[in-house]
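Undergrad: So that we are looking at the same thing, I have put the structure below in C-alpha cells.
Protein chains: 2
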Amino acid sequence: MHVRVKTEDRRQAIIETAIEVFRDVGFERASMTTISRRLGGSKGTLYGYFRSKAELFEAAMKAAVETPGDRIMELLDPEADDLRSCLERFAKAYLGFILEKNVLAITRTAVAEGFDSSLGPHLFEQGPQRALATLAKFFAEQMERGRLCKSSAVVASIHFKGLIEAGFLEEALYGAKSQVDRRQAIPSAVDIFLRAYGPGTQEQLIAEPASSKTERRQVPADRSRER
Amino acid sequence: MHVRVKTEDRRQAIIETAIEVFRDVGFERASMTTISRRLGGSKGTLYGYFRSKAELFEAAMKAAVETPGDRIMELLDPEADDLRSCLERFAKAYLGFILEKNVLAITRTAVAEGFDSSLGPHLFEQGPQRALATLAKFFAEQMERGRLCKSSAVVASIHFKGLIEAGFLEEALYGAKSQVDRRQAIPSAVDIFLRAYGPGTQEQLIAEPASSKTERRQVPADRSRER
DNA sequence: AATTAACCGTACCGAATGGTCGGATACCGA
DNA sequence: TCGGTATCCGACCATTCGGTACGGTTAATT
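So the sequences go chain by chain: A and B.
Count along the first sequence starting at 1, add 961, and that's the number in this note's numbering.
Count along the second sequence starting at 1, add 961, and that's the number in this note's numbering.
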C-alpha cells in the first residue's frame, strides 16, 4: 500500500533509552512515563512497539547482554599456546563485562525477578548458563590436549567462574566495594585454578557417586610463566 | 503509671510475619496491608512498632540472618584435627544456609536495593563481609599451624567462598536449578581448594604489587583422606 | 472498677503506576 | 498533492501503596 512505517531505528532508540533508565533506577522503579520522557516521545509510542513493560524490558536485557557477551566468549581460543595467559585475558574481559553498570543492573533486576516469573530462569539460561557451557567446552578440549588434568569439564568451568567472580560480583551486586584489586585478583584466581586443575594431576578429581571412598594423590608439576 | 505496654513478643511476631511475606513475594511487592492481614492485626499496629516499611524490613532481615549465620561460623573450629572434613562440614552448613528460602529472599532484596540506598552495602557488611572476615581469621590460624600454605588469608577466604558457592548461589538467585548435586559438589570444591592452598606449597601465592614478574613453582604434596 | 494505652477496623489521602484513548500533527509513499 | 499512518500530547482510568486519622474495643495495672 503506502505510508509511514514503524522504523527499526526508532525501536533501537527506545531500547537504548530503556536500558539507560533500567540501569539508573532498576526495573520496578523505572516507569514507562520516565522512559518516554527521556526518549523525547510519548508513552503511547512505547506501547506501539512493545505490548507491555515486561516485553520492553526483556528486549532491552537481551540487547544489552547478548552480543557483547558472545564476543567475550570468543577469547577462549583453543589454539592459544599459553593456557594461563589465555585464561587471564578471558577472565579480565569477563569480569569487566559482568561488572559493567549496564550488566550489573540487568543482573540485579533478573535476580529481583527470580521470585516467580519465569523471567529469572530464562535470563539465567540465556546468560550465565551459556557462558558456562562455552567455558566447559573449552576446558574439555584443553583436557583432551593434556593441558588440564582430566575431570568433569562442567565442574571445572563452575569452579573457574566461581574463582574469578569471587570477591567482586557479590560485592558489586550489593553496591559495596571490593576488598581486593582486580589486577592482582585475576592472575591469582587463575593461578589457583591451574594449581588444582593443571596437568600432572592424574586421577579423577570428581568422584563418581559410586566410589565415595576415593584416595587422592598429588603429583608434582612444573610450571612457570612470565608476563 | 499503669496500663498496657507494647510487648516484645508482639514485635517478634510482626517480624516473623514480615519475614514470611518478604520471603514469599519480595520487598517491593510486599505491602504493609498484606503483612498486617497475615499477622491478624491492623496496619496501624505495624506503624506502632516500626516507623516505616524500610525499618520493619531492616529489622526482619537482621533477625532472619544474624543469629543462624553466626552459629554456622562457629563450625570453624581451629582445634579440629582434620581440616578437610572440618571445611566440608562448614561448607555444607554454609551452603545450606545461604540457599534457604528465607535467606535467598533477603539476598535478592538486598541486591535489588543495591542501586542507591545505603541499605545494600550495609547488609553486605553485616552478612557476607562478616562471614568472610571470620573465614579469613580461621585460615590465617591454619596457615600459622602449617595446615595451609602461607599466603593472603583474605584472598584464600574469598576463593574458598567462591568455590563453595559456585554452581549454586547464582542459579538459586535467578530461580534456576543447579546443574550439579550438592553432596558431590562440596567435597569437590573443598578438594580443589586444598589442592591449591594445602600445605607443601611454599611460596607466596599472591604476589605483592611490587613484583608482578613472579616465578611460580610447584611443589609436590602428599595428601590422602578417607570418609 | 477506673484508667489508660495498645489494638482493631476502616476509611481516607496523596502519589505513583501501567495502560488506554482520542484528537491533532508531522511525515512518507504513491 | 493526497491518503494514511506513526507519533505526539494530554487526559484519563483503575489500581496499588505507604502512611495517617479516628472512633470503638480490649486488656493490664492500680
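Positions of the beta carbon are idealized from the N, C-alpha and C atoms, including for glycine.
Over what stretch of residues does the alpha helix (DSSP H) that includes Pro1089(B) continue unbroken?
TA: Premise fails: Pro1089(B) is in no alpha helix (DSSP H) and is neither H nor E.
Undergrad: Quick one, which residues of the region 1146 to 1163 of chain A are near chain B if we go by CB-CB under 9 Å, in chain order?
TA: Ala1146, Pro1148, Ser1149, Ala1150, Asp1152, Ile1153, Phe1154, Leu1155, Arg1156, Ala1157, Tyr1158, Gly1159, Gly1161, Thr1162
Undergrad: One question on the structure: do Lys1122(A) and Leu1084(A) come within less than 8 Å of each other, judged by their Cβ atoms?
TA: no
Undergrad: Along chain B, which residues have their Cβ under 8 Å away from the Cβ of Tyr1055(A)?
TA: Neighbours of Tyr1055(A) on chain B: none; closest Cβ ~14 Å, over 8 Å.
Undergrad: Leaving out five residues before and five after Ala1025(B) in sequence, what residues of the same chain have Cβ atoms less than 8 Å from its Cβ?
TA: Ile980, Asn1063, Val1064, Ile1067
Undergrad: Since Gly1030(A) contacts Ala1071(A) with CB under 8 Å, what's their CB separation in whole angstroms?
TA: With a Cβ gap of about 13 Å, Gly1030(A) and Ala1071(A) do not count as contacting.
Undergrad: Is any beta-carbon of chain A found at less than 8 Å from that of Pro1082(B)?
TA: By the rule that beta-carbons nearer than 8 Å mark a contact, Pro1082(B) touches chain A.
Undergrad: If I'm right that Val1141(A) touches Val1116(B) with Cβ under 8 Å, what's the distance once you round it to whole angstroms?
TA: Here Val1141(A) really is in contact with Val1116(B); their C-beta atoms are around 7 Å apart, less than 8 Å.
Undergrad: Give the straight-line distance between the Cα atoms of Asp970(A) and Gly1005(A), rounded to the nearest whole angstrom.
TA: Going by the C-alpha atoms only, they are around 17 Å apart.
Undergrad: With DSSP collapsed to three states, give me the class of Val1141(A).
TA: Secondary structure at Val1141(A): coil, using DSSP grouped into helix, strand and coil.
Undergrad: Check distances from the C-beta atoms of the region 1103 to 1129 of chain B to those of chain A and list, in chain order, the residues that come in under 7 Å.
TA: Val1115, Val1116, Ile1119, His1120, Lys1122, Gly1123, Leu1124, Glu1126, Ala1127, Gly1128
Undergrad: Can you check whether the C-beta of Leu1060(A) is within less than 8 Å of a C-beta belonging to chain B?
TA: no
Undergrad: For Arg1106(A), is the classification buried or exposed, using 16 other Cβ atoms within 10 angstroms of its Cβ as the cut-off for buried?
TA: exposed
Undergrad: Would you mind stating whether Gly1081(B) and Tyr1135(A) have Cβ atoms separated by less than 8 Å?
TA: Cβ distance < 8 Å, so Gly1081(B) and Tyr1135(A) count as in contact.
Undergrad: Excluding sequence positions up to five away, which residues of its chain have a Cβ less than 8 Å from the Cβ of Ile1119(B)?
TA: For Ile1119(B), where only same-chain residues beyond five positions count, the Cβ hits under 8 Å are Leu1093.
Undergrad: Could you work out which residues of chain A lie near Phe1085(B), taking near to mean beta carbons separated by less than 9 Å?
TA: Glu1131, Glu1132, Leu1134, Tyr1135, Gly1136, Ala1137
Undergrad: For Pro1089(A), return the contacting residues in chain B, with the cut-off set at a CB-CB distance below 7 Å.
TA: Glu1131
Undergrad: Kindly list, in the order they appear in chain B, the residues whose Cβ is closer than 8 Å to that of Val1141(A).
TA: Val1115, Val1116, Ile1119
Undergrad: Taking three-plus beta-carbon pairs below 8 Å as touching, is the region 1037 to 1047 of chain A in contact with the region 1016 to 1025 of chain A?
TA: no
Undergrad: Which value, in whole angstroms, describes the spacing of the CA atoms of Met1034(A) and Leu1109(A)?
TA: 19 Å
Undergrad: My output table needs one value for Lys1111(A): the three-state DSSP class, helix, strand or coil.
TA: coil
Undergrad: Roughly how many angstroms lie between the CA atoms of Gln1087(B) and Ala1127(B), to the nearest whole one?
TA: 21 Å
Undergrad: What is the DSSP secondary structure of Ser1118(B), counted as helix, strand or coil?
TA: helix
Undergrad: Apart from the five residues on each side of it in sequence, which residues of its chain come closer than 6 Å, Cβ to Cβ, to Arg972(B)?
TA: Tyr1010
Undergrad: On the premise that Phe983(A) lies in contact with Ala991(A), defined as a C-beta separation below 8 Å, what is that separation, rounded to the nearest angstrom?
TA: 5 Å
Undergrad: Report the rounded CA-to-CA distance for Asp985(B) versus Met993(B), giving the unit in angstroms.
TA: 14 Å
Undergrad: Note down the Cα distance separating Leu1056(B) from Ile1125(B), rounded to an integer number of angstroms.
TA: So the two alpha carbons sit approximately 7 Å from each other.
Undergrad: Tell me the residue span of the alpha helix (DSSP H) that contains Phe1018(B).
TA: It spans 1014 to 1034 - the alpha helix (DSSP H) in which Phe1018(B) sits, taken as one unbroken run.
Undergrad: Where do the N-terminal and C-terminal ends of the alpha helix (DSSP H) with Arg1050(A) fall, by residue?
TA: 1044 to 1059
Undergrad: Could you check where the alpha helix (DSSP H) with Arg984(A) kicks off and where it finishes?
TA: 969 to 986
Undergrad: What do you get for Glu1132(B), buried or exposed, if any count of 16 or more other CB atoms within 10 angstroms of its CB means buried?
TA: buried
Undergrad: Restricting to Cα atoms, I'd like to know which of Asp1152(A), Pro1160(A), Ala1114(A), Leu1060(A) is closest to Leu1130(A).
TA: Leu1060(A)
Undergrad: Closest to Glu1049(A) by CA distance: which of Phe1154(A), Pro1148(A), Gly1001(A) is it?
TA: Of the listed residues, the one whose Cα sits closest to Glu1049(A) is Pro1148(A).
Undergrad: Mind checking whether Ala1150(B) and Ala1054(B) have CB atoms under 8 Å apart?
TA: Not closer than 8 Å, so no.
Undergrad: Kindly list the residues whose CB is nearer than 8 Å to the CB of Lys1098(B), restricted to its own chain and excluding five residues on each side of it in sequence; keep chain order.
TA: Ala1114
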